[in-house]
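J.: Numbering (our numbering), first residue to last: 36 to 426.
Every residue gets a Cβ at the ideal spot worked out from N, C-alpha and C, and that includes glycine.
Here it is: the structure, laid out below.
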């Protein structure tokens, strides 16, 4: 055999062997077992390594059999990245976030991807009364308390245990009086990335004193890909006949209003931007959508909302056990800093949040579903963000 020809053959065999053994992210197929091609990336874990108040901060990566990945830091239990396949089987990162821990600690950071507690959403004037005692919380949203106050769960280092490649358990002990809330609270939140391309979030908590609790996750989504300039081109549907209108400080009035005939009717798939600038008092109060929808559902885990990007073909279904869904259209994002992942900016309405929850200000609204938790009771609720591709 010619020496040069023999060398070429050996090179060809070596390349073929390496490609056959390569990471599944490079495999493309139209079959059900197709692995998505990795075009997006997870931030460098070294950017999250730190010690805060004697507790280690890290970045944990979950991955399922389809090549879908979720990156979560135990600082605030934040979802940093979520890579899901688009219509071309390329992975898109669909949540906004930062490349390092330092950015998450900056003043005014908008709760990107964070676990929210003790109380997700707002409590009017930061006050509530239990068993005849009035509790005063931190006022971090004008005259109100938002997402637990300045000392909320979003800024805590959670104890982390990676159970397996697809499951992360986060635990936190909130002492009696923390941020003004009563009771020693033991919390566990489990993130599971399923083989059905769903991020399942399971919340559990117990208390030793009568308290209030409303846990949620504050992921900012853009199904066009994080860093895309808008979410107004997304189609949204929400299974809700009513919502809770708010006053000028975004505290519910206590009434339930019908969505029919208003910009709040998403019972049929509707572009987020279709009516967002309508001359509507509620939209003016929120500078867009920032409202709780009263879900039309029974007990148990049920699908309550769907979002679709025509650009990428990505579909996100939301399933929850909660009675409410806060739809926020990213109205307070301003894009002033170029410190998003990949040094991009996140401008006005470049992300949306769909936070599963009990209602805002429930401790002060007797007609709303209760958020009270008593000793001996177990707080348990599950929410799922499930991804697929439009057919």
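#1: How many angstroms separate the CA atom of residue 424 from the CA atom of residue 340?
#2: If we count Cβ pairs, one from each stretch, closer than 8 angstroms, do we get three or more for the stretch 225-244 versus the stretch 259-272?
#3: Under the rule that 16 or more other beta-carbon atoms within 10 Å means buried, what is residue 282, buried or exposed?
#4: Is residue 51 helix, strand or coil by DSSP?
#5: Would you check if the distance between the CB atom of residue 129 and the CB atom of residue 349 is smaller than 8 angstroms?
#6: Please report how far the alpha carbon of residue 384 lies from the alpha carbon of residue 253, in whole angstroms.
#7: Measure the C-alpha to C-alpha separation of residue 164 and residue 170 and round it to an integer number of angstroms.
#8: Please classify residue 398: does DSSP put it in a helix, a strand, or coil?
#9: Name the two residues that bound the continuous beta strand (DSSP E) containing residue 188.
#10: Between the C-alpha atoms of residue 382 and residue 88, what's the straight-line distance to the nearest angstrom?
#11: Can you tell me whether residue 411 is buried or exposed, with buried defined as 16 or more other CB within 10 angstroms of its CB?
#12: Across which residues does DSSP place residue 120 in a beta bridge pair?
#13: Whole-angstrom Cβ separation of residue 215 and residue 172, contact assumed at under 8 angstroms?
#14: Report yes or no: do three or more beta-carbon pairs, one from the stretch 216-228 and one from the stretch 118-135, lie closer than 8 angstroms?
#15: Tell me which residues share the same chain as residue 289 and place their Cβ nearer than 6 angstroms to its Cβ, disregarding the 5 neighbours each side in the sequence.
#16: For the structure I just gave you, are there three or more beta carbon pairs, one from the stretch 319-326 and one from the stretch 365-374, closer than 8 angstroms?
#17: Within a Cβ cutoff of 8 angstroms, which residues of the same chain sit near residue 306, ignoring the five residues on either side of it in sequence?
#18: Would you call the CB atoms of residue 101 and residue 232 closer than 8 angstroms?
#19: Assuming residue 139 is part of the alpha helix (DSSP H), what are its boundary residues?
#20: Thinking C-alpha only, which one of 126, 207, 156, 178 is nearest residue 109?
#21: Candidates 135, 131, 72, 111: which alpha carbon is nearest residue 80's?
#22: Once you ignore the five residues that flank residue 396 on each side, which residues in its own chain have a CB closer than 7 angstroms to its CB?
#23: According to DSSP, which residues form a beta bridge with residue 163?
#24: Kindly indicate the opening and closing residues of the beta strand (DSSP E) around residue 95.
#25: Applying the criterion that 16 or more other CB atoms from any shown protein chain within 10 Å of the CB defines a buried residue, is residue 213 buried or exposed?
#26: Bridge partners of residue 375, per DSSP?
#27: Nearest-angstrom Cα distance between residue 86 and residue 114?
T.: With the structure as the only source:
#1: In the chain shown, the residue the question calls residue 424 occupies position 389. In the chain shown, the residue the question calls residue 340 occupies position 305. Straight-line Cα distance between these residues: approximately 16 angstroms.
#2: no
#3: Translated into positions along the chain shown, residue 282 becomes position 247. With fewer than 16 Cβ atoms within 10 Å of its Cβ, residue 282 is classed as exposed.
#4: For the purposes of this step, residue 51 is taken as residue 16 along the chain shown, with counting starting at 1. Here residue 51 scores only 34 on pLDDT, less than 50, and its place in the model should not be relied on; the value that follows carries that caveat. Residue state, collapsed to three classes: helix.
#5: Taking the chain shown and counting its residues from 1, one reaches residue 129 at position 94. Taking the chain shown and counting its residues from 1, one reaches residue 349 at position 314. Result yes, Cβ atoms of residue 129 and residue 349 sit closer than 8 angstroms.
#6: Here residue 384 is taken as the residue at index 349 of the chain shown, counted from 1. Here residue 253 is taken as the residue at index 218 of the chain shown, counted from 1. So the alpha carbons of these two residues sit roughly 15 angstroms apart.
#7: Within the chain shown, residue 164 is the residue found at index 129, counting from 1. Within the chain shown, residue 170 is the residue found at index 135, counting from 1. Distance between the alpha carbons of residue 164 and residue 170 is about 6 angstroms.
#8: Translated into positions along the chain shown, residue 398 becomes position 363. Residue 398 falls in the helix class under three-state DSSP.
#9: In the chain shown, counting from the first residue as 1, residue 188 sits at position 153. No beta strand (DSSP E) contains residue 188, which DSSP labels as neither H nor E.
#10: Sequence index remark: in the chain shown, residue 382 carries index 347 (1-based). Sequence index remark: in the chain shown, residue 88 carries index 53 (1-based). Straight-line Cα distance between these residues: approximately 33 angstroms.
#11: On the chain shown, residue 411 is found 376 positions in, with the first residue counted as 1. By the neighbour-count rule (16 or more Cβ atoms within 10 Å), residue 411 is not buried but exposed.
#12: Residue 120 sits at position 85 when you count from the first residue of the chain shown. DSSP output for residue 120 lists 126 as bridge partner(s).
#13: Taking the chain shown and counting its residues from 1, one reaches residue 215 at position 180. Taking the chain shown and counting its residues from 1, one reaches residue 172 at position 137. Between residue 172 and residue 215 the Cβ distance is about 4 angstroms, and since that is below 8 angstroms, they are a contact.
#14: no
#15: Residue mapping note: residue 289 aligns to position 254 of the chain shown, counting from 1. Result list for residue 289: 400, in chain order.
#16: yes
#17: As a working note, residue 306 is residue 271 in the chain shown. Counting only Cβ-Cβ distances below 8 angstroms, and skipping sequence neighbours, we find 267, 268, 269, 270, 271.
#18: Along the chain shown, one-based indexing puts residue 101 at 66. Along the chain shown, one-based indexing puts residue 232 at 197. Against a cut-off of 8 angstroms, the Cβ pair of residue 232 and residue 101 comes out as a contact.
#19: For the purposes of this step, residue 139 is identified with residue 104 of the chain shown, where counting begins at 1. Counting along the chain, the alpha helix (DSSP H) containing residue 139 begins and ends at 136-139.
#20: Numbered from its first residue, the chain shown carries residue 109 at position 74. Nearest option by C-alpha distance: 207.
#21: For the purposes of this step, residue 80 is taken as residue 45 along the chain shown, with counting starting at 1. Answer by Cα proximity: 135.
#22: Sequence index remark: in the chain shown, residue 396 carries index 361 (1-based). These residues qualify, in order along the chain: 157, 158, 159, 286, 287.
#23: For the purposes of this step, residue 163 is taken as residue 128 along the chain shown, with counting starting at 1. Answer is 170, bridged to residue 163.
#24: Start at 1 with the first residue of the chain shown, and residue 95 comes out as number 60. Residue 95 -> beta strand (DSSP E) spans 94-98.
#25: Stepping through the chain shown from its first residue, residue 213 is reached at position 178. Classification for residue 213: buried.
#26: As a first step, residue 375 must be located in the chain shown, where it is residue number 340. BP columns for residue 375 point to 133.
#27: As a working mapping, residue 86 is identified with position 51 in the chain shown. As a working mapping, residue 114 is identified with position 79 in the chain shown. Each residue's Cα considered, the two are about 19 angstroms apart.
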